[in-house]
Amino acid sequence: MINISTKRNAIAPVTPQPSSKPTSLQDLDRALSTSPRIAQLGVTQLTDWWKLMFLSTHKGDIDATLHAIERLLVWRQSYGWNDLPNENFPAELAAAKFYFHKRDMEGFPVLIWRMDRHTASKNQEEVEHNVRFLVWFMEKAIREGIIQNRVTILIDRLHITSHNTESLQFVRHAIPNIQTALPEIIHKVVVFPTSTLVYALWKMAQTLLNPRVVGKITMCGGGDYQKALKEVVDGERLSRKYGGTSTDLLDEPGWEERAKARQGIWWDK
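If you count the sequence shown from 1, position 115 lands on 115 in full-length UniProt numbering, and the numbers rise without skipping.
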């Protein structure tokens, strides 16, 4: 595994990280500099953090890394990736539907997605807005050094209604964009509790997902989810809501005021 380091700039994490193998990065930079096609796509804005992530994913294979970087840069131009740091989503942040709570057993930050605080929609413009907020949130977490390598995601479906439940339309829009925008940063995903509808969506979603990602996702129905969560996060770091002993301030009375006061990414380390 190639360690991921970073230089301080617009899209990279600001937290110092371990030094990488300089020869690998030098070889990649040399290959990138000799590709006119990639140069036209704005590769100079791709930080060392991202380059090393791709090298790690493709196990140092320069050709495979170049192909993946080109695909990412094409997508970034079409999606307006470089505009993300200048955007803001105050209402979504105040709703606290995404936030980080502690780390998993392997030291990766744990992202909580509270579906009961999420408003689903079948309107295409609103679907795109919801997905863009997720991309924006993850990019910001990388840039601020919260995500330094991988992230574990807990998708909490407790107490949801049809008002919160996303459709296949959302899945079809979200997966291609998330997979392209954030390649290989997913460590584990636990979805709980599931239902017949969720399993049906899951079967459809698998056809869109990279097989490596499929193997990282656990679907938990009924009362099995607490056991599954404790296999990912130590009980002392797991919220009491999920069967652990940790206090989650965004699940306690007054969480609305805390979220509004923060107006940024919440991470209880």
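Don't be surprised by glycine CBs; every beta carbon is placed ideally from N, CA and C.
In this structure, the beta-carbon distance from Trp266 to Ala259 falls below 8 Å.
Counting along the chain, the unbroken beta strand (DSSP E) around Asp156 starts and ends at 151-156.
Trp50 and Gly243 have their C-alpha atoms spaced approximately 36 Å apart. When secondary structure is reduced to three states using DSSP, Asp268 falls in the strand class.
Non-local C-beta neighbours of Ile38 in its own chain, meaning closer than 6 Å and more than five positions away in sequence, comprise Leu32, Glu70, ordered along the chain. Beta-bridge analysis with DSSP links Thr194 to Gly221.
Taking C-alpha positions only, His58 is separated from Leu25 by approximately 13 Å.
For Phe108, no beta strand (DSSP E) run applies, since DSSP gives it neither H nor E. Remark: fewer than three beta-carbon pairs, one from each stretch, lie closer than 8 Å, so the region 110-127 and the region 65-82 are not flagged as touching. The straight-line gap separating the alpha-carbon atoms of Ala91 and Ala68 is approximately 34 Å.
Under the 10 Å beta carbon count, Thr161 is surrounded by fewer than 16 other beta carbons and is classified as exposed.
Per DSSP, Ala141 is one residue of the alpha helix (DSSP H) stretching across 124-143.
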